[in-house]
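Chemist: According to numbering that gives the first Met the number 0, the sequence shown is numbered sequentially starting from 0. All C-beta atoms, glycine included, are put in the ideal place defined by N, C-alpha and C. Provided herewith is a single structure, encoded as structure tokens, for subsequent inquiry.
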Amino acid sequence: MVLSHAASTGSSDDSVHSTFASRYVRTSLPRYRMPDNSIPKEAAYQIINDELMLDGNPRLNLASFVTTWMEPECNKLMMDSINKNYVDMDEYPVTTELQNRCVNMIAHLFNAPLGETETAVGVGTVGSSEAIMLAGLAFKRRWQNKMRAAGKPCDKPNIVTGANVQVCWEKFARYFEVELMEVKLTEGYYVMDPQKAVDMVDENTICVAAILGSTLNGEFEDVKTLNDLLVKKNEETGWDTPIHVDAASGGFIAPFLYPELEWDFRLPLVKSINVSGHKYGLVYAGVGWAIWRSKEDLPEELIFHINYLGADQPTFTLNFSKGSSQVIAQYYQLIRLGFEGYKNIMDNCQENAMVLKEGLERTGRFNIVSKDNGVPLVAFSLKDNSKHNEFEISEYLRRFGWIVPAYTMPPDAQHITVLRVVIREDFSRTFAERLVIDIEKVLHELDALPSRVAPSLLPNGDATAPNDKDMERQREVITLWRRAVAEKKKTSGVC
């Protein structure tokens, strides 16, 4: 009979194969200081992955316009190129060529006045925020040059927008010292009024920014009317105030769903357009695009020529190093889907938005704030929020996994609160029907609960009316709640 003995080497932890039985999960994760010792890669992966499970499910994040699903082949392309630094143009010339192809395709999609093989003027960016900063800088520099040439002061530039602009416009104004002049909203009209915008334009206006797809309700602003009114004002005053179109959300929608809509370079005063490739361009975050009408609209002095990496490299970006993956993914989507594929996807998104809208209307409990024509989303508010409000619906829907934002409108419509559901490529017909069912469940549950805000009259009128103190407390709570939501929106945006 042979007796064998197993030899044990190393510490007991090293022989334990289960991460959850090891010493690495018996202490809290580092929060302030780098740990002194290394840990096995399997343990590091497991404990971080487990903590990330507490995040929301991106596919159910209906607050976001950002793409949350791509084909496996595109995912593989992105992973294969994740170690490429986009700025190394001399080392990765093919990646640079793919970016240039994307710029050309998007410029033609936006009807830039180019020949069939003429190179477009544009650049890939981290997102629309960087694209807007670059476009704004170009407008500011062109205006400054014009004012200096005329011997006039150029220290007080302004830009005219609607109060519904995304927070990146406020960042541009603050960072680059440009006064932001906002056209206030009104109840029932939640985009910039073109006439009011043109009335605000003066000699110091570097441009008027129009939004093709408001983040509040998805509505397209009337760029054609804005262009016509501004042409007339420029003729009367001798100014040449241009237009920038923030097409972050709508730039990859309008050409496919509304090809006859004039909002792009077909309008003579539209000098630049930004669009988010990571929204309806169908690429993961973050990639955006800034496209100019012509070389004359991008001042040469803003372009840097560097030979840091062995060759002359013209660059106009706020960032230097960045990944190549998203640019490569954008090119994949453009050639993989083509015009036909993008149109099919946008048609499907719009149809699913209508399914959701009709389901909400059948409940009889909501007013629809969004428009049928625009970004495929549904913004809606309660017809009666005297007992329970939109914030509570948003909170209760999280129990079903749905992330649906509730927010107040900007001035002067801040008394309106809405919920918003963005319909992306991966939001199916079944999802739309399921969401309506879950919203109905939430409504029934809230109906059975007492008012969370303050006592109020019941529908049958048999309750005692609240006294003045109760009513005043209710008004204070609602005001504070809306103010907190508004401040949060200005900090993080709602897209």
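(1) Along the chain, which unbroken stretches of the beta strand (DSSP E) at least 3 residues long are found entirely within the stretch 374-461?
(2) Taking 6 Å as the limit between beta carbons, can you name the residues of its chain near S450, skipping five residues before and five after?
(3) Report the rounded CA-to-CA distance for K145 versus L136, giving the unit in angstroms.
(4) From the DSSP output, which residues share a beta bridge with C101?
(5) For P39, would you say it is in contact with chain B, using Cβ-to-Cβ distances shorter than 8 Å as the test?
(6) When the Cα atoms are used, what is the spatial distance from C206 to L376?
(7) Report the rounded CA-to-CA distance for L76 versus Y331, giving the unit in angstroms.
(8) How far does the beta strand (DSSP E) with I290 in it extend, from its first residue to its last?
(9) In the structure shown, what three-state DSSP assignment does F19 receive?
(10) Looking at C-alpha atoms only, which residue of N233, P409, W168 and V282 is the closest neighbour of V65?
(11) Per DSSP, what kind of secondary structure is D239 in: helix, strand or coil?
(12) Please go through the same chain and pick out, in chain order, the residues whose beta-carbon is closer than 7 Å to the beta-carbon of E186, but skip the five residues on each side of it.
(13) Less than 6 Å between C-beta atoms, sequence neighbours within five positions excluded: which residues of the same chain meet that for L457?
(14) Can you tell me where the beta strand (DSSP E) with S128 in it begins and where it stops?
(15) Going by CA-CA distance only, name the one from S80, V421, N203 and N351 that's closest to R58.
(16) Give the secondary structure of A62 by DSSP, where H, G and I count as helix, E and B as strand, and everything else as coil.
(17) According to DSSP, is N273 helix, strand or coil?
(18) According to DSSP, which residues form a beta bridge with P313?
(19) Following the continuous alpha helix (DSSP H) through G123, name the residue where it begins and the one where it ends.
(20) Note the first and the last residue of the continuous alpha helix (DSSP H) segment covering G340.
(21) Hey, could you find the ends of the alpha helix (DSSP H) V182 is sitting in?
(22) Would you kindly work out how many angstroms separate the C-alpha atoms of V274 and S127, rounded to a whole number?
(23) With distances taken between CB atoms, is the gap from E424 to I344 smaller than 8 Å?
(24) Which residue from N74, M191 and D245 puts its Cα closest to that of A284?
(25) Does the distance from the CB of P156 to the CB of V177 come in under 8 Å?
(26) Does DSSP classify L281 as helix, strand or coil?
(27) According to DSSP, N84 sits in a beta bridge with which residue or residues?
(28) Does the stretch 223-236 touch the stretch 189-200, meaning 3 or more C-beta pairs lie closer than 8 Å?
(29) Mark F19 as exposed unless 16 or more other C-beta atoms lie within 10 angstroms of its C-beta, in which case mark it buried.
(30) Per DSSP, which one or two residues make a beta bridge with N366?
(31) In three-state terms, what does DSSP make of D198?
(32) Whole angstroms are fine: how far does the CA of Y91 sit from the CA of L108?
(33) What residue range does the beta strand (DSSP E) around A253 cover?
(34) Since I believe H277 is in contact with Q312 (beta carbons under 8 Å), could you give me their beta-carbon distance rounded to a whole number of angstroms?
Modeler: Checking against the coordinates, here is how it stands:
(1) 376-381, 405-407 and 416-421
(2) Here the question's residue 450 lines up with position 451 in the sequence shown. Once the five neighbours on either side are set aside, the close Cβ partners of S450 are K386.
(3) Numbered from 1 along the sequence shown, position 146 holds the residue referred to as residue 145. Numbered from 1 along the sequence shown, position 137 holds the residue referred to as residue 136. The alpha-carbon atoms of K145 and L136 are separated by roughly 14 Å.
(4) If you number the sequence shown from 1, residue 101 lands on position 102. Paired residues: none, contrary to the question.
(5) The structure shown has no chain B; it contains just one protein chain.
(6) Taking the sequence shown and counting its residues from 1, one reaches residue 206 at position 207. Taking the sequence shown and counting its residues from 1, one reaches residue 376 at position 377. Each residue's Cα considered, the two are about 28 Å apart.
(7) What you label residue 76 is simply residue 77 of the sequence shown in a count that begins at 1. What you label residue 331 is simply residue 332 of the sequence shown in a count that begins at 1. Straight-line Cα distance between these residues: approximately 9 Å.
(8) Mapped onto the sequence shown, residue 290 falls at position 291. I290 -> beta strand (DSSP E) spans G287 to W291.
(9) Counting from one through the sequence shown, the residue named residue 19 turns up at place 20. If DSSP states are grouped into helix, strand and coil, F19 belongs with the helices.
(10) Within the sequence shown, residue 65 is the residue found at index 66, counting from 1. Ranking the options by Cα distance to V65, first place goes to V282.
(11) As a working mapping, residue 239 is identified with position 240 in the sequence shown. Three-state DSSP puts D239 in coil, outside helix and strand.
(12) The sequence position of residue 186 within the sequence shown is 187, counting from 1. Counting only Cβ-Cβ distances below 7 Å, and skipping sequence neighbours, we find A412 and I415.
(13) Residue numbering aside, residue 457 sits at position 458 when the sequence shown is read from its first letter. With a pLDDT of 42 at L457, under the threshold of 50, the modelled position of that residue is not reliable, and the figure given next carries that caveat. Closer than 6 Å at Cβ, skipping near neighbours: no residue.
(14) Position 129 of the sequence shown, counted from the start, is the residue given in the question as residue 128. First-last for S128: S127 to A148, but that is the alpha helix (DSSP H), not the beta strand (DSSP E).
(15) Residue numbering aside, residue 58 sits at position 59 when the sequence shown is read from its first letter. The residue with the shortest Cα to Cα distance from R58 is V421.
(16) The residue you call residue 62 lines up with position 63 of the sequence shown. Correct three-state label for A62: coil.
(17) As a first step, residue 273 must be located in the sequence shown, where it is residue number 274. The answer is strand: DSSP assigns N273 an E or B state.
(18) For the purposes of this step, residue 313 is taken as residue 314 along the sequence shown, with counting starting at 1. BP columns for P313 point to H304.
(19) Numbered from its first residue, the sequence shown carries residue 123 at position 124. That residue, G123, is in no alpha helix (DSSP H); its beta strand (DSSP E) goes V120 to T124.
(20) Your numbering for residue 340 matches position 341 in the sequence shown. Segment S324 to T362, the alpha helix (DSSP H) holding G340.
(21) Taking the sequence shown and counting its residues from 1, one reaches residue 182 at position 183. Element bounds for V182: not the alpha helix (DSSP H) but the beta strand (DSSP E), E178 to V182.
(22) Within the sequence shown, the letter at position 275 stands for residue 274. Within the sequence shown, the letter at position 128 stands for residue 127. Rounded to whole angstroms, V274 to S127 spans 6 Å at the Cα level.
(23) Here residue 424 refers to the residue found at position 425 of the sequence shown. Here residue 344 refers to the residue found at position 345 of the sequence shown. Contact flag set, yes.
(24) The count along the sequence shown starts at 1 and reaches residue 284 at position 285. Ranking the options by Cα distance to A284, first place goes to N74.
(25) Looking up residue 156 in the sequence shown gives position 157. Looking up residue 177 in the sequence shown gives position 178. A contact, by the Cβ cut-off of 8 Å.
(26) Taking the sequence shown and counting its residues from 1, the one referred to as residue 281 is at position 282. Correct three-state label for L281: coil.
(27) Taking the sequence shown and counting its residues from 1, one reaches residue 84 at position 85. Looking at the DSSP assignment, N84 forms a beta bridge with G322.
(28) yes
(29) Reading the sequence shown from its first residue, position 20 is the one you call residue 19. Flag for F19 reads exposed.
(30) By 1-based counting over the sequence shown, the position of residue 366 is 367. N366 is bridged to S380.
(31) For the purposes of this step, residue 198 is identified with residue 199 of the sequence shown, where counting begins at 1. Helix at D198.
(32) By one-based count along the sequence shown, residue 108 stands at place 109. By one-based count along the sequence shown, residue 91 stands at place 92. Going from the Cα of L108 to the Cα of Y91 covers about 26 Å.
(33) Taking the first residue of the sequence shown as 1, we reach residue 253 at position 254. Element bounds for A253: not the beta strand (DSSP E) but the alpha helix (DSSP H), A253 to L256.
(34) Taking the sequence shown and counting its residues from 1, the one referred to as residue 312 is at position 313. Taking the sequence shown and counting its residues from 1, the one referred to as residue 277 is at position 278. In fact, because the Cβ distance is near 24 Å, the residues do not count as touching under 8 Å.
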